[in-house]
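Accompanying notes for the structure given below.
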Ligand code: TEU
Ligand code: CA
């Protein structure tokens with residue numbers, strides 16, 4: 128297995144809008160991040176994934192880019208960004224930028240040109256199709272609800288948008304588009320960045336002819352996933368991007384793949400191929416959804432299912448490719464509210480989930496705020512929501528005649544805004560995030576859950592995170608080792624062995640709110656184990672696992 132800095136690194140994800148506001152306009156900004164670089168360094172992480180900071184009208188909080196080579200006004204200037212890069216590099220922290228190239232904003236210059244006329248030189252930069260006014264070119268559903276097509280009165284054609292109406296899909300079939308994208312990527316790489324997180328990357332290749340999907344909902348629309356997920360030219364274009372851009376640099380790349388099959392994943396991150404370094408798969412993000420993709424549906428999930436997912440991905444990629452380990456990000460509810468217990472055992476379960484992140488095979492990603500155990504905001508009033516996906520869903524359900532209460536019950540635990548409330552720095556006004564009015568409300572629990580309160584305090588989630596981050600960095604067996612699950616049928620406790628050369632670890636994690644037992648067979652000799660890390664003060668009894676207990680043992684041999 129090849130050793131790489133990005134395998135050994137630990138990523139911290141920053142959602143700039145909600146991280147730290149330096150000028151009191153209520154919106155987090157780049158200077159705000161600069162003011163916190165010491166905090167980031169102190170945490171021990173060594174890679175930052177920065178969500179989009181490019182020019183954008185913010186229909187989808189920066190994922191609708193109107194200029195790839197400039198910075199969003201609210202976030203600051205290019206000089207600020209350069210200073211941030213410099214401050215991070217001074218501290219040996221790498222910077223990964225978010226690359227959104229499946230689509231642009233409808234306010235991007237290319238689209239403004241493209242929509243002018245059918246013979247505009249930029250027309251073919253996007254996906255335009257004939258269709259009658261009331262009849263879209265096909266029945267594809269947008270990932271954010273409604274048809275994936277928008278009619279343009281002026282040229283009497285439709286354009287494709289897999290996400291919001293303000294996010295037209297780029298036409299990757301056009302080699303000029305690809306060349307523009309590669310030039311832009313090189314431009315950023317030459318500015319000194321350390322890699323890219325590639326947004327919704329496996330949607331770039333659409334099947335020729337854009338056929339109707341047969342898998343439709345009551346309204347006659349369906350996600351045409353068979354026609355645009357991992358499409359025919361996906362791997363070819365990624366290889367082309369690699370050879371032309373990041374492959375020439377010592378860069379890290381991670382591809383966000385909402386749906387991907389085993390073969391596609393193995394191709395995408397195969398070490399013997401020239402595509403990407405690692406993948407974000409969504410299997411565990413869908414565990415608590417009822418239907419494939421119905422974002423606001425719910426089902427109860429089992430720990431055995433969770434184990435199976437991670438086992439599958441390990442077996443698939445071990446020695447062949449590389450995985451990313453994450454439990455949440457800006458698109459999902461808070462990890463502790465979803466996989467832990469954000470009430471009675473918030474502290475224990477936050478630490479337990481952090482232990483999971485730091486002991487699994489694959490590069491760990493910490494989402495801002497998880498290191499202090501931030502929880503879902505569960506806003507009950509639609510006025511509090513900002514996310515385009517949530518607002519579209521609300522509108523759609525209203526039109527269908529659903530009751531306000533029922534809609535809000537579905538939205539509250541699942542909305543992306545749960546993870547987008549401001550970072551809780553202290554117990555002062557607005558949690559120290561801003562002196563102005565924040566663009567989105569704070570979570571009301573910030574007086575109890577904040578950085579200042581936990582910094583240097585024994586037993587805090589933050590101090591525990593620092594400890595396990597350090598532990599991961601000092602124990603490369605946890606990075607490169609094999610992974611074997613013990614006591615697989617156990618629905619309450621997740622136990623596994625990590626083993627690499629002559630290092631061996633046993634990790635025991637309770638996902639349950641009562642004490643429970645483990646069955647590790649006779650393979651484990653307690654005498655040979657050294658308890659390295661635990662989220663409880665005393666050792667407890669070996670076979671009695673307390674609520675959300677986490678333990679890392681090292682074999683002494
Ligand atoms: O997300 C891509 C994606 O597949 C999402 O639609 C995800 O499934 C959804 O948010 C869950 O409901 C990326 C970004 O991470 C997201 O923030 C953007 O909105 C989206 O792309 C469009 O750029
Ligand atoms: Ca600001």
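Numbering (our numbering), first residue to last: 128 to 684. The beta carbon of each residue, even a glycine, is placed where N, CA and C say it ideally should be.
From what residue to what residue does the beta strand (DSSP E) around residue i run?
i, result
"residue 222", "221-226"
"residue 661", "656-661"
"residue 620", "620-627"
"residue 613", "609-613"
"residue 719", "With the chain running from 128 to 684 in the structure shown, residue 719 is simply not present."
"residue 171", "From DSSP, residue 171 is part of no beta strand (DSSP E); its letter is neither H nor E."
"residue 708", "This structure gives no information on residue 708, because the portion of the chain shown stretches from 128 to 684."
"residue 276", "276-279"
"residue 381", "379-384"
Which of the three DSSP states, helix, strand or coil, is assigned to residue i?
i, result
"residue 474", "helix"
"residue 408", "strand"
"residue 284", "strand"
"residue 598", "helix"
"residue 566", "coil"
"residue 677", "strand"
"residue 540", "helix"
"residue 143", "helix"
"residue 492", "strand"
"residue 575", "coil"
"residue 293", "coil"
"residue 263", "coil"
"residue 464", "helix"
"residue 604", "helix"
"residue 682", "strand"
"residue 414", "coil"
"residue 631", "strand"
"residue 644", "strand"
"residue 349", "strand"
"residue 456", "coil"
"residue 254", "coil"
"residue 137", "coil"
"residue 94", "An answer regarding residue 94 cannot be provided, because it is not within the stretch 128 to 684 covered by the chain."
"residue 403", "coil"
"residue 589", "helix"
Got a sec: does ligand 4 put a non-hydrogen atom nearer than 7 Å to the Cβ of residue i?
i, result
"residue 235", "With respect to ligand 4, the structure offers nothing, as its ligand set consists of ligand 1 and ligand 2."
Considering only heavy atoms of ligand 1, does any lie closer than 7 Å to the CB of residue i?
i, result
"residue 383", "yes"
"residue 227", "yes"
"residue 331", "no"
"residue 398", "no"
"residue 190", "yes"
"residue 426", "no"
"residue 238", "no"
"residue 457", "yes"
"residue 270", "yes"
"residue 547", "no"
"residue 327", "yes"
"residue 690", "Absent from the structure is residue 690, since the part of the chain shown begins at 128 and ends at 684."
"residue 469", "no"
"residue 543", "yes"
When you measure from the CB of residue i to every non-hydrogen atom of ligand 2, does any distance come out below 7 Å?
i, result
"residue 149", "yes"
"residue 635", "no"
"residue 155", "yes"
"residue 628", "no"
"residue 210", "no"
"residue 533", "no"
"residue 296", "no"
"residue 556", "no"
"residue 201", "yes"
Taking the alpha helix (DSSP H) that residue i falls in, what are its first and last residues?
i, result
"residue 159", "157-161"
"residue 316", "302-317"
"residue 396", "389-396"
"residue 361", "361-371"
"residue 515", "515-526"
Output yes if chain B places a C-beta closer than 8 Å to the C-beta of residue i; else output no.
i, result
"residue 299", "Of the protein chains in the structure, only one exists, and it is not chain B."
Every unbroken beta strand (DSSP E) within the segment 173-250, with a cutoff of 3 residues, ordered by chain: 174-177, 194-198, 221-226
query: Does the count of Cβ pairs from the segment 533-548 and the segment 418-435 closer than 8 Å reach three?
result: yes
task: Pair every Cβ in the segment 347-360 with every Cβ in the segment 401-416, then say whether three or more of these pairs are closer than 8 Å.
output: no
message: Using a Cβ distance threshold of 8 Å, determine whether the segment 450-464 contacts the segment 651-668, with at least three qualifying pairs required.
response: no
- request: Flag this pair as touching only if the segment 519-526 and the segment 548-566 have three or more C-beta atom pairs under 8 Å; answer yes or no.
  value: no
message: Under 8 Å, with one C-beta from each stretch per pair, do the segment 212-222 and the segment 316-324 reach the 3-pair mark?
response: yes
message: Under 8 Å, with one C-beta from each stretch per pair, do the segment 262-282 and the segment 154-162 reach the 3-pair mark?
response: no
- prompt: Should the segment 427-445 be called in touch with the segment 380-398, which here means at least 3 C-beta pairs below 8 Å?
  reply: yes
task: Could you say if the segment 488-497 and the segment 513-520 meet the contact criterion of at least three C-beta pairs nearer than 8 Å?
output: no
message: With three or more beta-carbon pairs closer than 8 Å as the criterion, would you say the segment 576-595 touches the segment 467-481?
response: yes
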